[in-house]
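Below is one structure, written out as structure tokens; the observations come after it.
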Amino acid sequence: MLNILCCVKQVPDVNQMRMDPETGSLIRAGVPSMLNPQDSNALSAALKIKETYGGQVTVISMGPPAAEAVLRECLAVGADKAVLISDKAFGNADTLATSYTIRSAAETLGHFDLIFCGKETLDGATGQMGAQLAQRFDAAFVSSALLIKELDQDKGSLIVDRELEDGVETLEVRMPVVFTMEKTNYPTRIPNLKGKLAAKKAQISLISSMDIPELDRTRIGDPGSPTKVPRMFPPVLPEPGVILNEGSTQANVAKLLQIIAE
Amino acid sequence: MTNETISKLQQIPGLKVLLGEQIGADYCHDELPDARPYAPEAVCEAESTQQVSQLMKLCSEEGLSVTVRGAGTGRAGASVPVKGGIVLSLKEMNKIISVDEEAMTMTLQPGVLLQDVKAEAESHGLYYPPDPGEKTATIGGNVSTNASGPCAGKYGRSCDYVLDAELVLADGTVTTLSAREDLRQVLGSEGTLAVITRLSLKLVKAPGADVILLLPFADSDTALAAAEKIAQADFAPAVMEYMDGEIVEFSGKVTGNPVFPLEIDGCPVAATLMLSLEAEDEDAVEELMEQFAEYAEELECLDILVGDSISMKREFWAAHDAFHNSMESAVAQVEVNVSVPSLQLSALINYAKSLGEEGGYKVMAYSHVPCGGVHFHGVSDMSKDEFRDRAAAFAKAVRSKCLELGGSATAEYGVGYANIDWFKSSDAEGYQQMLQAKAKLDPRGILNPGKVVEQC
Amino acid sequence: MNKDAYKDMWVHVEHDGKTIHPVSLELCCQVRKLCDQSGDGLVAVVPGELEQEQLDKLSDCGIDKLILVSGQGYDRYSTQAYSNLYVELCEKYRPSAVFVGASVNGRDFAPHFAARLETGCTSDATELIYNPQTRDIEFVEPAAGGKIMAVITIPELRPQVGTIRPGTFKYAPAGKREHIQIIREKISTLPEDIPTKLLAYKANEADPELDISTAQRVVCVGDGLKDESLPMYRELAALLGAKLAATRPVVDRELLPYRLQVGQSGVMIKPKLYICFGVSGAVNHVTGVDAELFIAVNRDENAAIFNYCDYGIVGDMDEVCQEMIQALKNAQA
Chain A
1 MLNILCCVKQ
11 VPDVNQMRMD
21 PETGSLIRAG
31 VPSMLNPQDS
41 NALSAALKIK
51 ETYGGQVTVI
61 SMGPPAAEAV
71 LRECLAVGAD
81 KAVLISDKAF
91 GNADTLATSY
101 TIRSAAETLG
111 HFDLIFCGKE
121 TLDGATGQMG
131 AQLAQRFDAA
141 FVSSALLIKE
151 LDQDKGSLIV
161 DRELEDGVET
171 LEVRMPVVFT
181 MEKTNYPTRI
191 PNLKGKLAAK
201 KAQISLISSM
211 DIPELDRTRI
221 GDPGSPTKVP
231 RMFPPVLPEP
241 GVILNEGSTQ
251 ANVAKLLQII
261 AE
Chain B
263 MTNETISKLQ
273 QIPGLKVLLG
283 EQIGADYCHD
293 ELPDARPYAP
303 EAVCEAESTQ
313 QVSQLMKLCS
323 EEGLSVTVRG
333 AGTGRAGASV
343 PVKGGIVLSL
353 KEMNKIISVD
363 EEAMTMTLQP
373 GVLLQDVKAE
383 AESHGLYYPP
393 DPGEKTATIG
403 GNVSTNASGP
413 CAGKYGRSCD
423 YVLDAELVLA
433 DGTVTTLSAR
443 EDLRQVLGSE
453 GTLAVITRLS
463 LKLVKAPGAD
473 VILLLPFADS
483 DTALAAAEKI
493 AQADFAPAVM
503 EYMDGEIVEF
513 SGKVTGNPVF
523 PLEIDGCPVA
533 ATLMLSLEAE
543 DEDAVEELME
553 QFAEYAEELE
563 CLDILVGDSI
573 SMKREFWAAH
583 DAFHNSMESA
593 VAQVEVNVSV
603 PSLQLSALIN
613 YAKSLGEEGG
623 YKVMAYSHVP
633 CGGVHFHGVS
643 DMSKDEFRDR
653 AAAFAKAVRS
663 KCLELGGSAT
673 AEYGVGYANI
683 DWFKSSDAEG
693 YQQMLQAKAK
703 LDPRGILNPG
713 KVVEQC
Chain C
719 MNKDAYKDMW
729 VHVEHDGKTI
739 HPVSLELCCQ
749 VRKLCDQSGD
759 GLVAVVPGEL
769 EQEQLDKLSD
779 CGIDKLILVS
789 GQGYDRYSTQ
799 AYSNLYVELC
809 EKYRPSAVFV
819 GASVNGRDFA
829 PHFAARLETG
839 CTSDATELIY
849 NPQTRDIEFV
859 EPAAGGKIMA
869 VITIPELRPQ
879 VGTIRPGTFK
889 YAPAGKREHI
899 QIIREKISTL
909 PEDIPTKLLA
919 YKANEADPEL
929 DISTAQRVVC
939 VGDGLKDESL
949 PMYRELAALL
959 GAKLAATRPV
969 VDRELLPYRL
979 QVGQSGVMIK
989 PKLYICFGVS
999 GAVNHVTGVD
1009 AELFIAVNRD
1019 ENAAIFNYCD
1029 YGIVGDMDEV
1039 CQEMIQALKN
1049 AQA
């Protein structure tokens, strides 16, 4: 049976974030959180594999206890099992520490043949997690995967299309594999009521730093994160451009087209 | 219009007067499909009640007709100057004057856009429910047509939310009205009885939490029967939309993302019901969902899909709101908006579809089930000219059927100039009342002539 | 960590055997400036065979050293071969920083080898600053959807790895150095050690509509877009001889493909004419646009986008678009 892992993250809706003009810091209060949009495409791909070839999909997330909500969203559309890695010791982790933590936690759950994640997150947007997970799991890595076409469990390999800037390459890949998914063939799934209600009641396993044997505490959380953010500042806005005010939309457009023609 | 009149107009302090080429094409039409343009002689953009009053006084003395206009998003020609004269634009009267959180009221000028009314209410933790879909319409326009929309079944129509209004009458008199019945007739007169210059709106407490449910069905009659059952049950959906499979598919092709399911487990979806359930908090919504899951077993829907995230809800509504404008991509199209008692929806929709089958064009429908409003869209690959006669015949047949079924042939988009005959035949009493009111309030017929009622 | 032990800044040279990816040249030009401040040497690392004429092009960007790597595994890209190469070279030569162009493949292997080296990796900086006090590179990048700029550093570890989007920096060669040291290395990754095998490659059908990076004119739609209005903007783009593009929220709404996404996490564009409708002006979007004439249409007069435009119209985007279509059609007739 295929053992499939899908890594997801709860992110704030950055479009609703505002900056405090006085402190220059971001106001997070009142900003709703959600499942990272690209992770829903990754999950969709994981579920498609399960539906086609059988297997079990485990969703895993690292975050505060409230991140449970996005795991329930995943359960609602068909994930079998949900695991939340949560501990203050894991806080402030960059991708290096996070990938180490996820692998260490996942090892306590068994061996995974396929590992899916989104291309990038809405908030951090580094797009590094896939590659670093592949390194951590010592797995093959297929970024920007477009379509998983054939999977041969006996051979332990699969065929996948991968999107490049100028074309599509078809690869034969030995499992285990880490994928980052393109959304093209794996649109976000809409949960049904039965799934939703079941997910609300489902058990979510918690993994804290105490639950991982031989965890290297120098490699997690803030101490394990080589990238730091010494400061932030508001973007400097240039001087505004000329706002056309010719009296009507028609006149503005006429003026605009004249400017373009020049 | 004489030069003398023009200069008198220009002397009204602060009033912006556009003449000749300054008048954009926008002022000559609204969103009524395939309509010819009507140019005004002048466009006046007012910023205050006083300017409106002075303008009306002048026009009344000179016998000049005045067509009031908001954002021009109407679809019955109500804001189009069919008799020439002046277009009085109120889009610059767009100030929200005050919000009283305790009394839950908002006082504002008529040119404020619906989306801004909603956002302002929301920022105070309150809610302004009426929403015909077009959020860039002005509140004045909404009230003038007593606009309804998907949630009207639960929440009522635009005029139900007006507590009082400041009006400028045809002769320039400024008056304030708050007696309910009077108010409704004058307000909902599409600018034929008075000019609205200020409104006080009633707001309600925002629902603490809500969820959207999609119920796909294998055939449309079952969907409508289910809708009837749901309406009888205790769920009080704020919205219950019927959307047939064809319109979802057609619109999905235009937007690139149909959002609503086209098939469930291999079974094509013939129609979908979209319900919005509201409750005071998340837990209560969850409880409601559980009750619904149990109840829904007898509905014969293929599945029940859930939208409870902000992004999902937004996507559902965006896809729904796209139906209407997606039709622009058809070579030729016809649109008919009517309402019937909701029990008759099935009969009307089936009838309209049969017309399409006979005439060789595709008929699609979506409906606000609780208030029986239906939008029909007929599309064809024929050229516009070829399709014109069929389109007219279709519109006429659907409306006749609608009257036969006890409905209203002018529902949703108002009367304007496009639907006068239908207003007359579907609501003879209402028509007579409007005529009487017109004779009393605007005996010279200078306010929005050629609309709603025919005046001798 | 003793930072003195780590010298030189490296640029990964991406190429297809014939030509160098423009981002690698852009990076050489930009990193040259950092090296001038830090006293490091600028090193270009070339995996696989490349003709002399292309190497000359690199030399023109002011490099001090050239590491030419031969061996198995570079005919066709794989994560393993490229990751192996950088792990081995970094352990041997201890560079202070490695810069990789954020192409699909660059983004694929850079974080991978950084993880193997247990060092930090940054993505998509829009500005690079050398701090002489800390001797760290400051990677400046828009964060939280562009609401704020964040400075990222890797203060304790070396090398500092960073991927940079194509088009972020200008190609402005500083000129050839008198002496360029050439180092030849042989590093092989055997086919059996690579878990992926190329079966086929299909070049995209030349759909020029999807290639916005070189478009002269671009019409861009932002989150203000109504789903159903899209065809209208296609029509406007066609009338203007422009290509249609979008901001991230529109792509997230699955209305347009990712390849049409303009901005820091999408495509960087340098059109002559750029007109955007309903775009709020988030930094990650505007950093992706380097236009000669920048025009913005938005109904919110306070939208940040008006700070970046040359000319703006405050108004309903659909109305302006329709009016433009009408005017352009009239002009044609």
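Top to bottom, those sequences are chains A, B and C. Position 239 of the first sequence, counting from 1, maps to 239 under our numbering, and the rest follow consecutively. Throughout, our numbering is defined as the position within the second sequence, counted from one, plus 262. Throughout, our numbering is defined as the position within the third sequence, counted from one, plus 718. Using N, Cα and C, we set each Cβ at its ideal position, and we do this for glycine too. Values in this document were obtained by computation on a predicted structure and should not be read as measured data.
Check whether the Cβ atoms of residue i and residue j sit closer than 8 Å, and answer yes or no.
{"i": "Asp-1036/C", "j": "Ala-580/B", "result": "no"}
{"i": "Gln-38/A", "j": "Ile-4/A", "result": "no"}
{"i": "Ile-866/C", "j": "Leu-26/A", "result": "yes"}
{"i": "Gly-453/B", "j": "Ser-385/B", "result": "no"}
{"i": "Ala-1022/C", "j": "Ser-998/C", "result": "yes"}
{"i": "Ile-159/A", "j": "Ala-139/A", "result": "no"}
Let me know if residue i comes out buried or exposed under the rule of 16 or more other beta-carbons within 10 Å of its beta-carbon.
{"i": "Asn-1020/C", "result": "exposed"}
{"i": "Lys-615/B", "result": "buried"}
{"i": "Pro-1096/C", "result": "Summary: the structure shown does not reach residue 1096/C, with chain C confined to residues 719 through 1051, and so no result is reported for it."}
{"i": "Pro-813/C", "result": "buried"}
{"i": "Ile-872/C", "result": "buried"}
{"i": "Ile-900/C", "result": "exposed"}
{"i": "Lys-515/B", "result": "exposed"}
{"i": "Arg-296/B", "result": "The residue you asked about is not Arg; residue 296/B is Asp in the sequence shown. So Asp-296/B counts as exposed."}
{"i": "Lys-700/B", "result": "buried"}
{"i": "Asp-292/B", "result": "buried"}
{"i": "Gly-373/B", "result": "buried"}
{"i": "His-739/C", "result": "buried"}
{"i": "Gln-203/A", "result": "exposed"}
{"i": "Gln-979/C", "result": "buried"}
{"i": "Met-34/A", "result": "buried"}
{"i": "Ala-261/A", "result": "exposed"}
{"i": "Leu-917/C", "result": "exposed"}
Of all Cβ atoms in chain C, is any one closer than 8 Å to the Cβ of residue i?
{"i": "Gln-153/A", "result": "no"}
{"i": "Asp-123/A", "result": "yes"}
{"i": "Glu-296/A", "result": "Since the displayed chain A opens at 1 and closes at 262, residue 296/A lies outside it and no answer follows."}
{"i": "Leu-197/A", "result": "no"}
{"i": "Asp-378/B", "result": "no"}
{"i": "Glu-384/B", "result": "no"}
{"i": "Thr-534/B", "result": "no"}
{"i": "Pro-240/A", "result": "yes"}
For my contact list, residue i and residue j are in at a C-beta cut-off of 8 Å; report their separation, rounded to the angstrom.
{"i": "Leu-475/B", "j": "Leu-193/A", "result": "7 Å"}
{"i": "Thr-517/B", "j": "Leu-973/C", "result": "6 Å"}
{"i": "Pro-302/B", "j": "Val-379/B", "result": "Not quite, the Cβ-Cβ distance comes to about 27 Å (not below 8 Å), so this is no contact."}
{"i": "His-639/B", "j": "Gln-595/B", "result": "6 Å"}
{"i": "Asp-472/B", "j": "Leu-539/B", "result": "6 Å"}
{"i": "Cys-7/A", "j": "Met-175/A", "result": "Contact flag wrong, Cβ pair sits at about 17 Å."}
Could you name the residues of chain D that residue i contacts, counting a contact when the two beta carbons are closer than 7 Å?
{"i": "Val-510/B", "result": "Checking the listed chains, one finds no chain D in this structure; the protein chains it contains are A, B and C."}
Is the CB of residue i under 8 Å away from at least one CB in chain B?
{"i": "Ser-248/A", "result": "yes"}
{"i": "Ser-947/C", "result": "yes"}
{"i": "Glu-972/C", "result": "yes"}
{"i": "Pro-12/A", "result": "no"}
For chain A, is any of its Cβ atoms less than 8 Å away from the one on residue i?
{"i": "Asp-288/B", "result": "yes"}
{"i": "Cys-938/C", "result": "no"}
{"i": "Ser-482/B", "result": "no"}
{"i": "Glu-552/B", "result": "yes"}
Check your understanding: Can at least three beta-carbon pairs, one atom from the segment 580 to 594 of chain B and one from the segment 524 to 532 of chain B, be found at a separation below 8 Å?
Key -> By the Cβ test, the segment 580 to 594 of chain B is not in contact with the segment 524 to 532 of chain B, since fewer than three Cβ pairs between them sit closer than 8 Å.
Check your understanding: Is the number of C-beta pairs between the segment 143 to 151 of chain A and the segment 528 to 544 of chain B that are closer than 8 Å three or more?
Key -> Contact between the segment 143 to 151 of chain A and the segment 528 to 544 of chain B is absent, because fewer than three Cβ pairs lie under 8 Å.
Check your understanding: Below 8 Å, can you find three or more Cβ-Cβ pairs linking the segment 855 to 865 of chain C to the segment 837 to 844 of chain C?
Key -> Short answer: they touch.
Practice item. Assess, as a yes-or-no matter, whether the segment 971 to 990 of chain C is touched by the segment 617 to 631 of chain B under the definition of 3 or more beta carbon pairs within less than 8 Å. Key: Too few Cβ pairs lie closer than 8 Å, so no.
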